[in-house]
Structures are given as C-alpha cells and as structure tokens.
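Chains as they are written, first to last, in the numbering used here: chain U, 4 to 268; chain P, -8 to 772.
Using N, Cα and C, we set each Cβ at its ideal position, and we do this for glycine too.
I have placed the structure first, in the form of structure tokens, so that the comments after it can refer back to it.
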C-alpha cells in the first residue's frame, strides 16, 4: 500500500468538507474492495475519508412496508435485523451470504452499491426492489443508479447516505457462487408486488447488473417457476471467463430465477 | 502399549503453540540491524533483458542495496540445479538449462526474479523496486507442454533443443506390444492431470545473516530439509562452505513438497547480506507464492490397457508429456519418472508395462514434487482406465480390480518396484462394507426421484513411500542418499532429547517421535523433547517428504534407542550386580526380571553421568546416534470409494460419502494418521473438483489469488469414513509404511469415477468444476 491519509468523518457535512480539501480522495465505506485494491497498489488515493462512524448513516428503519437502511449499515446488521426480516426476509438472506463473517462485519450496503461490482449481490436487490438511493444531494432511482462495471451515476464527492424501498409482497434471491471467490456467477433477485414482477440479475452481465424483461413478463403472467421454462435467456451480453462461459451463465440465470421464484413462494 | 506409547492417541504436543499463535516461524525471527528485501520480478513470461537501470531505485529513501544477477555471477554464485540425473532412452543426459538465481539475459516465466532491493522497511523496498527500470524485449511464450514440443514453438533454453528435456522410457516395449497383440479387449484414454499450486498456509520466507567477523552465514528458511539446503547451497551454489553456513528451519507452516527445494530467494538473501553488510529478510506474499512456489502435476497422457477374454490384465502402455515449467527445480526430473512410472502396475498383476515420458520446458512456474509427487499421476491414470474398462467390459469395477489383484508377496512388478507386503482384498472389502457398496442402486434411484444424478467411484491406490534405499536411488540418478539420522541423548536426570534429521512442518513429530521413547522406556511424553531443523544442533539428515519420516526417520530413532537401551541395561545390571540379560525396562524402571530389584530410569542416567560407578572400561554419558538406510521402499495401499450427487441443472457436485480404507502397516498415533488422511483427501478432492492453475496464452497466471484459485473449504468436503487394515511392513523395525500422501494419491480418481458414473459421460477433466460438469452433461444431450 502506498502512503495515504486517513480521516474519520464525524458527519456527512464533515465528510464533504474533507473530500473537497483532499487532492485525490476516496470514500471509505467498509473498504472490503478498496483496501485490498490499495494493498495490491492498484489504487493510491491521497486521502481516505471513513464515513462508517457517522452515527446517522447506520441503522435500519421499518415503518409498515417502508424500509430505510443507512448507507453505513453493515451486511451483518442487515442480515440479522428482525424488523427487516418480517417485511423483506429476502434482503436479510442475501446479506447473510455476502463474503465471510469478517466481510459481513465490515462491509456496508452503501459501499457495496457505490462500488457496483458486477458480481456483487446488493445491486440486484436494489434494482428488483425498485429502491431509491439517497445521497447528500438527491434521490436516485435504482434503475438510473447502476451504469456499468464499477460505474454508477454518483458524481465525484457525492455520498450515498441511505437506501429506501417499499417491501414487496414476495421476494427472494438465489445465487450461484463462483467456486473460488464466492461472488455471484449468476445471482437473480425476484420481487413481486402489485405493480408487477421485477427480476434483476447480477454476476452475469458484461455491463453489470441488469433487469431481465423476458423473465419479468413471463412471471407477470404467472408467478410460478414453470413460467421461466419458456423464457429465452440470451447468452449475448453475458460475461465469459475461465469460471463460466456466457452460455453456462445464461443457463444458470434460468435455474436461479426458478429457484428464487420457488423460494419467494 | 502404554498411555503414551505406540498406538496411543496422544494429543499433539506442538499444537498448544500453534493454536495460541505462539509458533515461531521464519518471519517471526528478528535480528539486530535486520533489513527487508523485495524482488523485482519479470512481468513477462518470456523476454530478453535489454537493460537494467538501478540508479533511480538506489536514490530512493531507505535503500541500502539494489543488486542484479550480473553482480551475483561476478561473485561466483552458481546456477540452480536439478539434483536427479535422468538419461533419455538414447543414452544422452537430460538437457538442463541454466537457472540463475537472478536472471541476467532472459526471463522465462512471470515471477522470474531479476533484481533484489534491500531497504530499511518492507514498504521502502517495494517502492524502490518499482523504480528499477528494466527494458525487456518480449518474446513469444509457450504454456502448454504439448504445444511446446511442436516445431516452431518458442525455444526456451539454448541447452534443450525443441524444449525437450529428456525422452525416457521404462518397462519392456516389445513384451508390451506382444501382450497387446493377443488382447481380447483394449481400453484407450487420453488423460490430463491438472497443474496445482501448493498453497501451504505459511508462505515461503528467508532471513540471511552474514557475520563478517566470523565469515559465517546463517540462513533461516521455510525448508522441509535444512541439511539438504545447506549441502546444495555449499556444494553447488558456492554461497559458503558447509562449516560456515548454518541453516535453520524453525516452525514451518506446511510444505506439501513445495519447501523441499532451494529457491533463488535463500541464495540471493544470503549473498545480499554479505554484499550490503546487513541481515536481509524476505517474506513472500500470497501472489508471489502463486507465481513462484514450485507447482505440481501437469501431465498429458495417452494410456492403453489390454485384457484377455477372462478380463485379466495383459499389458499397459503409457505415453506421457510432463510440463516442468521454465526451469528444472531440485527434484523435478524424478517426479514424472521414478516416482511415477514405477507405480504404474498399481495393485494389479500386470505382466507387461511400457511407459514413455517426455519432459518439456514451458514459460510457466517450475514444477516439482507436490504431495504424492508422481504417484497421484500414476494412480489417477490407472484407476480411471481400470474403471473405464470395467464399464466397457460390463463388469463391476470392484470385480475387475479384484480379479487382477496381486496376492503373493514379495511381488516384482515390470517397472522396478518389488512390493513387500499387502492385502488388497482386505482394503477393498473394508471399503465396500463401509460404503454400503451393494446398496448403491437403491440410493441412486432415490436421488433420481429428487432430480439428482448419483454416482459411485472407486480407486485402489498403491504408493511407494519410505523414500528411499540410497544405493537404489543412486543407481537411478539421485544426487543424494535418502537415509535418515537420529541421535538420542539421555540427560543426567533421565529426560530424553531426540535429535532427528527429519523435519516437522505439520506432521506432529514432536508427539509421535516421543511416543517411541514412551513405548520403549515407559517415560512420560513430557520428559521427551524432539529437536530438529537446525544444522548447528542436529547431525546431517535428509528431511521430510515422500512420507519418509515414519518409515525412515523413526527407524533411525529406533536404532539409536536400541543402543541406548543396551548401554542403560549394562549400567543398571552393574548397579544391581545382576546379569544384563536379566534386565527389563518397564514404566521408567530398570528391573531384574523375576526379582523385586530395580533402579529408576533417572538413577541409571545419573549414574551414567556421575561416572562414579560404571562397568569397567565404559565411557561416561548416555548418548547414541544412528543412521538408517532403508532396504526397500514401503508400499502403503488402500481402497477409496466416493459417492456423489450431481445437480444436472447447474453441474454442481456434492460429495455425499467418502470412504477411505488404508493399509499403512503399524500405526504409531492413530489420531495423527487420521488427520493426515483427512488432509490428504481434502487436497485430493481439491484437485478433483476445485483446483487448477490457469495461465493465459501470454503466460500470465490467471489464478494468482484466492479470488480465482479455488482452495477446498470446509463446506466443499464431506465427513470421511476412514479405517485401516494392517499388514506390517517387513522392511523396517516398526513395520510402518507411511501415511502422509495417501489421501491425495487415492482420492482424485475415486471422485472423477463417481462423477462420470453419475453423468454418463467419461470425457471429464479435472478440476470437475460446475462448468466442466455442466458442459459434460450437455454433451450427452
């Protein structure tokens, strides 16, 4: 790791100030990707602004079906929150399978979605849950937030402060993990509400997380695993690497979609 | 058997320090004035070095030295060599290319060391390493062994035309051809044995200290054989004369073979310490470990097995290409030859075998022995083709094996080895019973109802351990003898120190070696210490690999204990005025048989050292040494049965049952043996399902971290059902065979046989990842 300056922000305003002052800063929101990247000397920010100790950035509020999760809430806290489990257990289950216990105690939901790793779990949930991403400046619908591999619509220095969504009637996430990294090789989040069914796929698209309109249409008609059979999932536009070909990923998407629908009940 | 004697499940003495974080590893060593090294390594798989400019690096903060291969050569440091000479079938010696510890003209794999930077801190050394400017002219690289032999492939070493190191054969080609002519059935297969990265928990590390006043060097290193390291560094690399070089391998966190060899870093750090005047420490990071630790396996083979009309095996033909990587590592030549092809008879009464092995250079990390070393490759080959043949012939895999088992011993195979003892039916029956072999069809039908493909696979392995009779391996080209040494010191108050040439890097020697003393003299294990790993403390020894510390290392201890016992009895007899022939040793006392006369062990020891009252002419003290050279290899064998369920939708394999029925001869500590078997099977399942080193076509290692290289995790593995039958080894005093590698040798074919049985497609290559299995299933549709 190259030399860097570490700052612990006391408030969002303080973080904004620190980010402005620094030459080439990075927000540290758990650091589960950033720190290993820095250790490999592939990133060398002049300053790290740690936002995880800002008290009002952590915590989960559930009011009826309305859910707000602070950006610095750890995966562990999402996985084990009882109120959230009552309205959207799919998200708790998703969080409980991210990384390992060390990662779940450190990594945060805001950090994960801001990083937008194409194989991360959370982005699929945000898309399928039609969540809003709240920043210090504005509210961004998930459909407009995720832009590509490790790209989002966040501006420089813009800080995600929370995510909010309305809990759907039914939802589930099914992931086929990469055998080595255990990141998603194909992860499918399915959410059904009165507005319809939303299906988001992570770990497979060569442009990152995406919604699958074909699966959504079929499941809109009938929310049943069998509806997935007739849907064509095209290998075009899917990633191909030594762990999984695009054709294999296309097949996995269907299997994971069926399993998610079955799990959603 | 006493509470802590032979056969007792004594808890491991060393574990307290290991599991409380108090182990002392090379990286824990700190000496005054110590500085840190970072190696500048080649980012290219194959390139000419046009220019090395160290000026900027030398000016960086904290930098003490930036040294190149040119300076190393100028100081007379020698090239790294392979210590086992193999001759091609045309009689010519193997074509060994030069391996300079720091590359001077050409780099041959990604990770090849070029420059060492020494600085006050690790970070400064790394910063300065980035400032070293090396101009390369990149050349075309070749990764696959098969491609490397083709005309027009990039030439890697001038010494080895066409990248061929040797073209070697074993067995009788004519007799084998004749056997095939009369065959009623021939099974043919093409088999790949995947390249593995060893991944010991502790990465390699070294601390080189030069003492100018004494003109003396000390090398702390992560070695499985510190004496061999000293010998090779003195005799071949001109680092220092043996009496001026102390090698210490303290606690070592796993080796699996990868820490047998002398790597560039030990040599260069010692030399750099003299050059810079400071002690120099280097610790590999995990990516360096992936890139530069000697890899394992990497064979491509065509094999044919001939049967007569009664399903008796007639002959075996093997044609193997083995990838040795960019340079010949210390024992690399022996692995795909004498450690491989000599085991091709397996447990079967094969009359004719012929194997041809070509070894080649490629632009990849050097390949050498990795847990099993040649024997897993032989076993995988044979046990897959036997299972395949059974399917083709339409008879049970168990029946075909049993029909061809060797049943009389000693048994001379057509490929050098003479098996001394074994009972292969016992292992087979034991395994079948534990696996409920006969109930499989029912389980398969039940799984099918649940949408799962269930399969069962068997593997009957044999290996050669207790490496090895020195004269025999010498005649086959080994540069060293493979005996072992021991010294047993009885202290004045009766406590015992065992100095062994074996080296423990996880095997539990401190526990099991002490059990030999408890058994013999009835002393508590706490009174016995085992000392190893330091060339200044311990007499010359050969180290630990090839499951040799039991059969060879412990045999040396037994020989030394015989001498101690004889002298102790003489002293006791003298003290009690009895005949030494009447003395028995029990529970820490020397007794006159049939009387109540006795002398406590400590009193006898004290008498030895006070020397006030010893038999006339006897030297004071009680300390005896021994060297033991085995008369033969030992032959552990067993039968493994794996049962899997494959999810046809995703290609995921779940191992639902794994049975290991081994014969290791007599067992000193069953708990430690079970641990070895468990760990070995985990590595074997790792090879079969998960692990595979993957280079892209430019020679970049794509599996250079745990993000891409799949190590087995607890949830990948089942609970094993392990058991033993015992045919004592007739060749050594304890009757033991060795257990360190069996699990890794026997398990891969059992796993793959089970998966191919489940999916109905035999065309499956390791690692059988979900992708590979899913593709194989699609191919059947």
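Residue interval of the beta strand (DSSP E) (run including residue 190 of chain U)
187 to 196
Query - Rounded straight-line distance, which links the Cα of residue 544 of chain P to that of residue 484 of chain P - result: 26 Å
Worksheet item: What's the C-alpha gap between residue 619 of chain P and residue 500 of chain P?
Response: 17 Å
Check your understanding: Within 10 angstroms of its Cβ, does residue 168 of chain U collect 16 or more other Cβ (buried), or is it exposed?
Key -> buried
With DSSP as the reference, label residue -8 of chain P as helix, strand or coil.
For residue -8 of chain P, the predicted model reports a pLDDT of 45, less than 50, meaning its position is unreliable; a value from the coordinates is still stated below. Note: residue -8 of chain P maps to coil in three-state DSSP.
Cβ neighbours of residue 208 of chain P in the same chain (closer than 8 Å, five flanking residues each side left out): 199, 200, 201, 202, 230, 231, 235, 236, 237, 261, 264, 265
Problem - With 16 other Cβ atoms within 10 Å as the buried cut-off, status of residue -8 of chain P - result: Note that residue -8 of chain P scores a pLDDT of 45, beneath 50, so its modelled location is shaky; the value from the coordinates is reported in the next line. Exposed.
message: Short of 7 Å in beta carbon distance, which residues of its chain neighbour residue 563 of chain P, apart from the five on each side in sequence? Order them along the chain.
response: 574, 581, 590, 595
Beta-carbon spacing of residue 137 of chain U, residue 165 of chain U below 8 Å: yes
Less than 8 Å between CB atoms is the rule here; does residue 192 of chain U satisfy it with respect to chain P?
no
So, is the C-beta of residue 778 of chain P closer than 8 Å to a C-beta in chain U?
Because chain P is modelled from -8 through 772, residue 778 of chain P falls outside the range shown and cannot be assessed.
Query raised in the report: Any C-beta of chain U sitting closer than 8 Å to the C-beta of residue 685 of chain P?
Result: yes
Exercise. Within 10 angstroms of the Cβ of residue 108 of chain U, are there 16 or more other Cβ atoms? Answer buried if so, exposed if not.
Key: exposed
Problem - Reduced DSSP secondary structure (H/G/I, E/B, other) of residue 43 of chain U - result: coil
Comparing C-alpha positions only, which one of U:249, U:99, U:19, U:7 sits nearest to residue 163 of chain U? U:19
Within-8 Å CB hit, residue 243 of chain U to chain P: no
- prompt: If you run the structure through DSSP and keep just helix, strand and coil, what is residue 417 of chain P?
  reply: helix
Worksheet entry | Selection of the region 623 to 645 of chain P by Cβ proximity to chain U, strictly under 7 Å | 640, 641
Cα-Cα separation, residue 62 of chain U to residue 190 of chain U
26 Å
Next on the checklist: So, with DSSP's three-state summary, where would you put residue 304 of chain P?
Outcome noted: strand
In chain order, what are the residue ranges of uninterrupted alpha helix (DSSP H) at least 4 long that sit wholly in the region 222 to 250 of chain U? 229 to 232
*Taking all protein chains shown into account, do 16 or more other C-beta atoms lie within 10 angstroms of the C-beta of residue 744 of chain P, making it buried, or fewer, making it exposed?*
buried
- Where residue 263 of chain U and residue 243 of chain U are concerned, what is the direct C-alpha to C-alpha distance, given to the nearest angstrom? 23 Å
Give the interface partners of residue 709 of chain P over in chain U, defined as CB-CB distance under 8 Å, in chain order.
-> By Cβ distance, chain U contributes nothing, its closest Cβ being about 16 Å from residue 709 of chain P, past 8 Å.
If you draw a straight line from the alpha carbon of residue 300 of chain P to that of residue 177 of chain P, how long is it in whole angstroms?
11 Å
> What first and last residue would you give for the alpha helix (DSSP H) that runs through residue 766 of chain P?
Replying inline: 761 to 770
field: As assigned by DSSP and simplified to three states, the class of residue 172 of chain U
entry: coil
Exercise for review: Starting from the N-terminal side, write out each stretch of the beta strand (DSSP E) that is 3 residues or longer and does not extend beyond the region 674 to 745 of chain P.
Suggested key: 711 to 715
Given a limit of 8 Å on CB to CB distance, which residues of the region 195 to 207 of chain P reach chain U? none
Please name the residue in P:659, P:765, P:67, P:405 whose C-alpha comes closest to that of residue 717 of chain P.
P:659
query = Going along chain U in order, which residues have a C-beta closer than 8 Å to the C-beta of residue 699 of chain P?
reply = 183, 184, 245, 246
Worksheet entry | Backbone CA spacing between residue 25 of chain U and residue 5 of chain U [nearest angstrom] | 16 Å
Practice item. Out of P:692, P:-6, P:372, P:708, state which residue places its alpha-carbon closest to the alpha-carbon of residue 633 of chain P. Key: P:708
*For residue 53 of chain U, which of helix, strand or coil comes out of DSSP?*
strand
- Message: Rounded to whole angstroms, what is the Cα-Cα separation between residue 215 of chain P and residue 494 of chain P?
- Response: 6 Å
Measure the Cβ-Cβ separation of residue 374 of chain P and residue 456 of chain P and say whether it is below 8 Å.
no
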